[in-house]
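Chains A and B, in that order, are what the protein sequence lines are.
For the first sequence, the numbering used here assigns the number 868 to the initial residue and increments by one for each residue that follows.
For the second sequence, the numbering used here assigns the number 348 to the initial residue and increments by one for each residue that follows.
To start, the structure under review is shown below, and the notes come after it.
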Amino acid sequence: MKNIIGLFMVLSLLVILPTVEIVFAAGDEPEQYIDRRVEIWNLFFRMMTVAFVVGAVVSGTLIWLIWRFRESHPKATPTKYEGTSELDR
Amino acid sequence: MSGHSNWPEWVYIGVVVALLAWVGAEAWNIERIVEHVPENAEVIKVTGQQWFWTFEHADGTVEKGELHVKKGVPYKFEVTSKDVIHSFNIPDYLVLMDAVPGRINTVWFLPVDEGEYPIQCREYCGLIHYNMRGTLYVEGGA
Numbered sequence: 868m869k870n871i872i873g874l875f876m877v878l879s880l881l882v883i884l885p886t887v888e889i890v891f892a893a894g895d896e897p898e899q900y901i902d903r904r905v906e907i908w909n910l911f912f913r914m915m916t917v918a919f920v921v922g923a924v925v926s927g928t929l930i931w932l933i934w935r936f937r938e939s940h941p942k943a944t945p946t947k948y949e950g951t952s953e954l955d956r
Numbered sequence: 348m349s350g351h352s353n354w355p356e357w358v359y360i361g362v363v364v365a366l367l368a369w370v371g372a373e374a375w376n377i378e379r380i381v382e383h384v385p386e387n388a389e390v391i392k393v394t395g396q397q398w399f400w401t402f403e404h405a406d407g408t409v410e411k412g413e414l415h416v417k418k419g420v421p422y423k424f425e426v427t428s429k430d431v432i433h434s435f436n437i438p439d440y441l442v443l444m445d446a447v448p449g450r451i452n453t454v455w456f457l458p459v460d461e462g463e464y465p466i467q468c469r470e471y472c473g474l475i476h477y478n479m480r481g482t483l484y485v486e487g488g489a
């Protein structure tokens, strides 16, 4: 439980606090003119970076899970049900 | 469930929630910045109708099918329509706003490069929608 709380605190510091900061910065408009092309494309590139990283982590985890827990893996350990024909019922 | 650790699930939930919060805040923040119209922006009334665009400048000058603006001056478009729903689009400047009858939508932009840029309708509005085009002329100025 302590680990979970610690983890959430780290996540809060890393992500949620900057998020809150952005929200409270509302009203501090930029003094210079902004170029909407730059702002919008930058947002797009940031979002794509996150999307590709998340996609790589998720698909990598799935591939590893399938590879590691296949029946023919050298370190595969049978469950207590295997060989009892209990699963066939 | 005894002896079963579920901390990976909590990590997963925490990461997903944090990411969603970040994505939402970033998008909201950029939208806020982009939609903030400078106080000194010149107003141009944009009216769409089948199948051409009309532009009315603040000084009363009216242009049809073409729009002349000055480089370095912020412009605020007040977009509306006389008949059906159109969509006012300047692809090179990422300007896109629906033109809806009975409603005025606003969008602003800052022309920074001199040249000619296409204006087009981005909402299917009838037979000649494909040719509901115009030209934006950005001229040296301010």
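Note that the Cβ used here is the ideal one computed from N, Cα and C, for glycine as well.
All figures in this text were calculated on a predicted structure; none of them were measured in a lab.
Unbroken alpha helix (DSSP H) run spanning residue i, endpoints
i: Phe912 (chain A); result: 903–935
First through last residue of the beta strand (DSSP E) which encompasses residue i
i: Pro355 (chain B); result: No beta strand (DSSP E) holds Pro355 (chain B); the alpha helix (DSSP H) holding it covers 354–382.
i: Pro465 (chain B); result: 462–468
i: Tyr484 (chain B); result: 480–486
i: Asp445 (chain B); result: 442–446
i: Gln396 (chain B); result: 389–396
i: Lys942 (chain A); result: Unbroken run through Lys942 (chain A): none, as it is neither H nor E.
i: Glu410 (chain B); result: 409–411
i: Thr453 (chain B); result: 452–456
i: Val426 (chain B); result: 422–428
i: His433 (chain B); result: 433–437
Residue i Cβ short of 6 Å to the ligand ADP heavy atom set
i: His383 (chain B); result: The model on display carries no ligand, and the ligand ADP is accordingly not part of it.
Where residue i meets chain B, residues with beta-carbon distance less than 7 Å
i: Thr957 (chain A); result: Lying outside 868 to 956, the shown extent of chain A, residue 957 (chain A) is not represented and no answer is given.
i: Thr886 (chain A); result: Ala368, Trp369, Ala372
Partners in chain B for residue i, counting only beta-carbon separations shorter than 9 Å
i: Tyr948 (chain A); result: Residues of chain B passing the Cβ test: none, with the nearest at roughly 17 Å.
Listed by chain order, chain A residues near residue i by CB distance under 7 Å
i: Val485 (chain B); result: The contacting residues do not exist; Val485 (chain B) stays about 13 Å from chain A at best.
i: Val358 (chain B); result: Leu874
The region 426–435 of chain B in contact with the region 396–411 of chain B per 3-pair CB rule at 8 Å: Counting Cβ pairs under 8 Å, three or more are found: they touch.
Any 3 or more C-beta pairs closer than 8 Å across the region 402–419 of chain B and the region 476–485 of chain B: In short, these stretches touch, since the Cβ pair count reaches three.
The region 900–913 of chain A / the region 376–392 of chain B touching (three or more Cβ pairs under 8 Å): The region 900–913 of chain A vs the region 376–392 of chain B: in contact.
Near-chain B residues of the region 905–917 of chain A - C-beta to any C-beta below 9 Å: Along the region 905–917 of chain A, going in chain order, the ones with a CB nearer than 9 Å to a CB of chain B are Glu906, Ile907, Trp908, Asn909, Leu910, Arg913, Met914, Val917.
Stretch-stretch touch, CB-based, cutoff 8 Å, three pairs: the region 380–390 of chain B with the region 436–455 of chain B: Yes: the two stretches touch, three or more of their Cβ pairs being nearer than 8 Å.
Under 9 Å (Cβ pairs) to chain A, residues found in the region 416–446 of chain B: Cβ contacts with chain A: Gly419, Pro421, Asp439, Tyr440, Leu441, Val442.
Selection of the region 920–942 of chain A by Cβ proximity to chain B, strictly under 8 Å: If the cut-off is 8 Å between Cβ atoms, the region 920–942 of chain A has Val921 near chain B.
Interface residues of the region 372–401 of chain B facing chain A [CB-CB below 7 Å]: Correct list: Ala372, Glu373, Ala374, Asn376, Ile377, Arg379, Ile380, Val381, His383, Pro385.
Members of the region 452–472 of chain B that neighbour chain A once the beta carbon cut-off is set at 7 Å: Listed in sequence order: Phe456, Leu457, Val459.
Given 8 Å, three or more beta-carbon pairs between the region 921–933 of chain A and the region 468–478 of chain B: Cβ pair count under 8 Å is below three, so no.
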